[in-house]
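Here the protein sequences come in this chain order: X and B. Under this note's numbering, the first residue of the first sequence carries the number 6, and numbering increases by one thereafter. Under this note's numbering, the first residue of the second sequence carries the number 6, and numbering increases by one thereafter. Cβ atoms here follow ideal geometry from the backbone N, Cα and C, with glycine treated the same way.
Number of protein chains: 2
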Amino acid sequence: MSSSGLNMSRRIRRTPFTNKVEECGVTGFSVVNHMLLPKAFKKSVEEDYWHLRTSVQLWDVSVQRQVQIEGPDAESLVQRMTPRSIKGMKIKKCFYIPVIDENAGMINDPVLLKLNENKFWLSIADSDVLLWAKGLAIGSNLKVKIEEPDVYPLAIQGPKAEDLMAKIFGEEVRSIKFFNFGLFNFEGTEQVIARAGYSKQGGFEIYFKGYELGEKLWDTIWKAGKEFDISPGCPNLIERIEGGLMSYGNDFTRENNPLECNLEMYCAKDSQHDFIGKAALNEIRKDGIKQKIRGIIFDGDPCPTCTKPFPVYSNNKIKIGQITSGIYSPRLKKNIGLSMILKDYWNIGNEVIVETSDNKLRTGTISSLPFEE
Amino acid sequence: MSSSGLNMSRRIRRTPFTNKVEECGVTGFSVVNHMLLPKAFKKSVEEDYWHLRTSVQLWDVSVQRQVQIEGPDAESLVQRMTPRSIKGMKIKKCFYIPVIDENAGMINDPVLLKLNENKFWLSIADSDVLLWAKGLAIGSNLKVKIEEPDVYPLAIQGPKAEDLMAKIFGEEVRSIKFFNFGLFNFEGTEQVIARAGYSKQGGFEIYFKGYELGEKLWDTIWKAGKEFDISPGCPNLIERIEGGLMSYGNDFTRENNPLECNLEMYCAKDSQHDFIGKAALNEIRKDGIKQKIRGIIFDGDPCPTCTKPFPVYSNNKIKIGQITSGIYSPRLKKNIGLSMILKDYWNIGNEVIVETSDNKLRTGTISSLPFEE
Numbered sequence: 006m007s008s009s010g011l012n013m014s015r016r017i018r019r020t021p022f023t024n025k026v027e028e029c030g031v032t033g034f035s036v037v038n039h040m041l042l043p044k045a046f047k048k049s050v051e052e053d054y055w056h057l058r059t060s061v062q063l064w065d066v067s068v069q070r071q072v073q074i075e076g077p078d079a080e081s082l083v084q085r086m087t088p089r090s091i092k093g094m095k096i097k098k099c100f101y102i103p104v105i106d107e108n109a110g111m112i113n114d115p116v117l118l119k120l121n122e123n124k125f126w127l128s129i130a131d132s133d134v135l136l137w138a139k140g141l142a143i144g145s146n147l148k149v150k151i152e153e154p155d156v157y158p159l160a161i162q163g164p165k166a167e168d169l170m171a172k173i174f175g176e177e178v179r180s181i182k183f184f185n186f187g188l189f190n191f192e193g194t195e196q197v198i199a200r201a202g203y204s205k206q207g208g209f210e211i212y213f214k215g216y217e218l219g220e221k222l223w224d225t226i227w228k229a230g231k232e233f234d235i236s237p238g239c240p241n242l243i244e245r246i247e248g249g250l251m252s253y254g255n256d257f258t259r260e261n262n263p264l265e266c267n268l269e270m271y272c273a274k275d276s277q278h279d280f281i282g283k284a285a286l287n288e289i290r291k292d293g294i295k296q297k298i299r300g301i302i303f304d305g306d307p308c309p310t311c312t313k314p315f316p317v318y319s320n321n322k323i324k325i326g327q328i329t330s331g332i333y334s335p336r337l338k339k340n341i342g343l344s345m346i347l348k349d350y351w352n353i354g355n356e357v358i359v360e361t362s363d364n365k366l367r368t369g370t371i372s373s374l375p376f377e378e
Numbered sequence: 006m007s008s009s010g011l012n013m014s015r016r017i018r019r020t021p022f023t024n025k026v027e028e029c030g031v032t033g034f035s036v037v038n039h040m041l042l043p044k045a046f047k048k049s050v051e052e053d054y055w056h057l058r059t060s061v062q063l064w065d066v067s068v069q070r071q072v073q074i075e076g077p078d079a080e081s082l083v084q085r086m087t088p089r090s091i092k093g094m095k096i097k098k099c100f101y102i103p104v105i106d107e108n109a110g111m112i113n114d115p116v117l118l119k120l121n122e123n124k125f126w127l128s129i130a131d132s133d134v135l136l137w138a139k140g141l142a143i144g145s146n147l148k149v150k151i152e153e154p155d156v157y158p159l160a161i162q163g164p165k166a167e168d169l170m171a172k173i174f175g176e177e178v179r180s181i182k183f184f185n186f187g188l189f190n191f192e193g194t195e196q197v198i199a200r201a202g203y204s205k206q207g208g209f210e211i212y213f214k215g216y217e218l219g220e221k222l223w224d225t226i227w228k229a230g231k232e233f234d235i236s237p238g239c240p241n242l243i244e245r246i247e248g249g250l251m252s253y254g255n256d257f258t259r260e261n262n263p264l265e266c267n268l269e270m271y272c273a274k275d276s277q278h279d280f281i282g283k284a285a286l287n288e289i290r291k292d293g294i295k296q297k298i299r300g301i302i303f304d305g306d307p308c309p310t311c312t313k314p315f316p317v318y319s320n321n322k323i324k325i326g327q328i329t330s331g332i333y334s335p336r337l338k339k340n341i342g343l344s345m346i347l348k349d350y351w352n353i354g355n356e357v358i359v360e361t362s363d364n365k366l367r368t369g370t371i372s373s374l375p376f377e378e
């Protein structure tokens with residue numbers, strides 16, 4: 006089954022925007038970081054995909070919880086948590102960082118925001134990074150305060166996002182560079198706005214502070230967005246897979262190291278700083294990785310929703326990996342998937358066999374990521 | 006809304022029993038610890054309630070993930086994580102323990118199992134205790150190995166649970182005392198079976214090891230259970246609230262300390278051991294707590310499902326707390342709820358006003374927990 010009922014309770018937290026999302030006719034949610042993530046509205050995934058590529062959408066991604074690390078040891082703790090060097094990182098910059106454990110297993114892949122010299126936010130995927138950071142800080146007696154601030158990201162994505170944002174927050178929004186943020190006024194409050202988001206269509210994320218004011222923000226954007234054909238939305242599965250955007254828990258887990266996840270560029274070979282998992286990562290690099298995330302383009306009619314991984318086989322029937330996110334691309338007119346594939350089979354152009362959940366065997370080809378236009 | 010669609014993906018992990026639960030006609034799930042928890046079958050919550058009190062049910066509670074802490078420093082790490090003393094804890098015992106942070110905020114309320122002198126399991130509620138424990142261990146350089154073992158609890162609950170379990174695992178099962186466990190054979194594998202479970206109707210939890218063998222276990226219990234009128238089930242909201250069983254994330258969060266949650270008995274005033282949050286907890290005890298979890302019995306027709314907290318007011322309209330789990334009890338013929346209530350209003354018998362989500366104001370009375378028979 007691709008969906009079932011979700012029983013609601015306080016434990017699965019609502020966001021400042023959940024009432025609005027319900028008014029917009031949300032039909033399905035997922036749960037991320039103990040919070041509701043809207044995942045489906047009245048439009049089909051395909052209709053939603055075309056809309057995202059041409060207009061602008063408003064996404065309630067409050068589930069991207071912030072782990073705020075503040076204090077004299079904040080930078081040193083953050084640096085210890087990631088193989089990526091944050092030395093020289095400027096204020097108002099965003100860094101995508103792998104966070105790994107002592108075995109170099111992926112714990113999360115957040116976006117790091119530097120608010121000031123002693124204050125950072127980790128904008129996280131689905132795991133309690135707050136507990137990890139607090140455990141490390143207490144164990145090591147670091148001088149930091151770690152908490153989840155009253156912040157709920159709202160994404161404005163799509164080619165018309167910039168015009169819409171400029172209309173609301175002023176022309177200055179246009180000058181924010183990719184993976185940078187600025188501070189903007191909304192109703193007398195100071196808000197962090199970054200050029201970022203979980204799509205390749207361009208756009209912004211408002212790291213919205215102040216639960217109570219949330220519906221006013223939603224309504225303001227909604228009203229201003231009418232002339233741009235705004236629609237409620239969510240990370241679109243077709244667009245995300247086409248763009249090679251990975252999802253923690255889906256495409257990789259704590260069982261995987263960052264090198265398997267194509268994150269070598271954030272794991273400098275000659276890194277000068279110390280971090281958790283450094284010895285394990287060096288060992289893995291020495292031995293060479295055994296598998297890696299690749300794209301697969303595969304044949305046949307549109308495949309069913311990939312709610313459980315699709316096994317991938319070599320031509321001689323050996324299991325060589327699995328597709329963890331897969332869908333039919335109406336633009337490429339092929340099925341596409343993100344897959345973890347064994348070394349001997351990961352070469353681009355290699356032929357494979359994909360077993361989809363409708364028990365069909367389909368011919369596939371290993372592809373680089375993102376998928377070619 | 007009390008339920009909506011849940012969009013499935015690999016990130017929301019299936020259990021060894023999910024196929025079986027689907028065959029049984031599951032209609033709703035919740036998500037706990039990044040895993041599916043069946044929450045509704047064809048029966049109504051009330052039918053399910055009466056069945057649980059008279060027969061036996063099989064619950065897929067695999068979401069109670071185990072955090073395995075093993076090594077020469079295992080006991081010392083576990084002791085550091087809780088105000089409850091585990092000194093002298095015997096092998097094959099289960100302890101319910103509050104796990105708190107440096108501010109004495111509740112991080113989880115797991116059941117601790119002692120497997121041997123150097124090996125423990127924490128059977129957890131909904132938060133990544135594994136990351137907390139690993140962070141502490143790495144920060145403090147402790148000699149422990151911490152992992153999530155291949156273990157998936159399956160609960161057998163209800164008055165006929167013992168007869169059913171004896172039929173499958175032998176008469177020896179009957180001698181397991183409450184909150185103790187024994188080791189039993191299943192198809193040549195050694196399994197941990199405890200007398201425990203998230204109901205007051207009696208029963209067992211099999212901490213089932215070995216994903217692949219899961220369906221065979223389910224089928225074996227199902228077949229043997231036919232003569233006892235076995236049914237698929239899940240923690241029953243009416244039964245849980247009547248029994249005063251709290252739920253982490255629903256009835257208390259990291260914002261609450263264990264004294265507010267009626268867990269004084271696990272926080273000895275003169276505790277000899279050191280633990281995280283000890284200073285904060287002592288400070289709170291000195292000042293006295295400002296709120297506490299109580300029962301409320303309230304009037305009117307059966308209240309709607311409590312998916313968002315119901316505000317609770319004093320007779321003079323001051324907000325004094327909220328009901329976080331609430332439902333109509335068909336046996337007590339009253340609405341009942343678990344609520345966090347301010348000190349000046351928490352006396353048993355005190356009159357309050359409950360605002361349910363159908364916008365009705367209902368008269369209520371503060372009650373002790375569990376609710377009286």
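Assuming the contact rule is C-beta atoms closer than 8 angstroms, residue i and residue j should be a hit. Round their C-beta distance to whole Å, please.
{"i": "X:Asp78", "j": "X:Lys148", "result": "5 angstroms"}
{"i": "B:Val26", "j": "B:Phe233", "result": "At roughly 19 angstroms, the Cβ-Cβ gap does not stay under 8 angstroms, so B:Val26 and B:Phe233 are not in contact."}
{"i": "B:Lys295", "j": "B:Leu374", "result": "The Cβ separation is near 19 angstroms, so there is no contact."}
{"i": "X:Pro158", "j": "X:Glu192", "result": "No, X:Pro158 and X:Glu192 are not in contact; Cβ-Cβ is about 18 angstroms, not under 8 angstroms."}
{"i": "X:Glu177", "j": "X:Gly187", "result": "7 angstroms"}
{"i": "B:Lys205", "j": "B:Glu244", "result": "7 angstroms"}
{"i": "B:Leu135", "j": "B:Val72", "result": "5 angstroms"}
{"i": "B:Ile298", "j": "B:Glu247", "result": "That belief does not hold up - the Cβ atoms of B:Ile298 and B:Glu247 are roughly 15 angstroms apart, past 8 angstroms."}
{"i": "X:Phe2", "j": "X:Arg85", "result": "Within the shown structure, residues of chain X are numbered from 6 to 378, placing residue 2 of chain X beyond reach of any answer."}
{"i": "B:Ile385", "j": "B:Thr368", "result": "It is not possible to answer for residue 385 of chain B, since the shown part of chain B is limited to 6 through 378."}
Cβ closer than 8 angstroms: which chain B residues qualify as neighbours of residue i?
{"i": "X:Trp137", "result": "Asp133, Leu136, Trp137, Lys139 and Gly140"}
Check the Cβ of residue i against every Cβ in chain X and list those closer than 8 angstroms, keeping chain order.
{"i": "B:Ser9", "result": "Gly10, Leu11, Met13, Val31, Thr32, Gly33 and Phe34"}
{"i": "B:Arg19", "result": "Lys313"}
{"i": "B:Ile112", "result": "Leu136"}
If you check the beta carbons only, do residue i and residue j fall under 8 angstroms apart?
{"i": "B:Val116", "j": "X:Val36", "result": "no"}
{"i": "B:Phe174", "j": "B:Phe184", "result": "no"}
{"i": "B:Ile74", "j": "B:Phe125", "result": "yes"}
{"i": "B:Pro21", "j": "B:Gly238", "result": "no"}
{"i": "B:Ile235", "j": "B:Asp106", "result": "no"}
{"i": "B:Asn340", "j": "B:Gly305", "result": "yes"}
{"i": "X:Gly110", "j": "X:Glu269", "result": "no"}
{"i": "X:Gly33", "j": "B:Gly140", "result": "no"}
{"i": "X:Ser252", "j": "X:Ser128", "result": "no"}
{"i": "X:Asn262", "j": "X:Leu286", "result": "yes"}
{"i": "B:Ala138", "j": "B:Leu82", "result": "yes"}
{"i": "B:Tyr350", "j": "B:Ile325", "result": "yes"}
Give me the chain B residues within the contact set of residue i, using Cβ-Cβ distance strictly less than 9 angstroms, ordered along the chain.
{"i": "X:Ala45", "result": "Gly10 and Asn12"}
Show which residues of chain B have a CB atom less than 7 angstroms away from the CB atom of residue i.
{"i": "X:His39", "result": "Asp131 and Gly254"}
If the cut is a Cβ gap below 7 angstroms, which residues of chain X does residue i touch?
{"i": "B:Glu107", "result": "Ile143"}
{"i": "B:Thr329", "result": "Arg15"}
{"i": "B:Ile281", "result": "Ile143"}
Pull the bridge partners of residue i from the DSSP assignment, please.
{"i": "X:Met40", "result": "X:Arg18 and X:Val37"}
{"i": "X:Thr368", "result": "X:Ile358"}
{"i": "X:Val68", "result": "None, per the DSSP bridge assignment."}
{"i": "B:Ile105", "result": "B:Met111"}
State yes or no: is the beta carbon of residue i nearer than 8 angstroms to at least one beta carbon in chain D?
{"i": "X:Glu27", "result": "In the displayed structure, chain D is absent; the protein chains listed are X and B."}
Indicate, with yes or no, if the ligand PLP has a heavy atom lying under 7 angstroms from the CB of residue i.
{"i": "B:Lys228", "result": "The ligand content of the structure shown is nil, which means the ligand PLP is not present either."}
Practice item. Give, in chain order, every unbroken run of the beta strand (DSSP E) that is at least 3 residues long and sits entirely within the region 107-168 of chain X. Key: 111-113, 116-121, 124-128, 150-152 and 156-162
Exercise for review: Quick one: which unbroken beta strand (DSSP E) runs of 3-plus residues sit fully inside the region 193-262 of chain X? Chain order, please.
Suggested key: 194-200, 208-214 and 236-238
Review point. What runs of the beta strand (DSSP E), each 3 residues or longer, lie entirely inside the region 287-355 of chain X?
Key: 296-303, 315-318, 324-334 and 339-347
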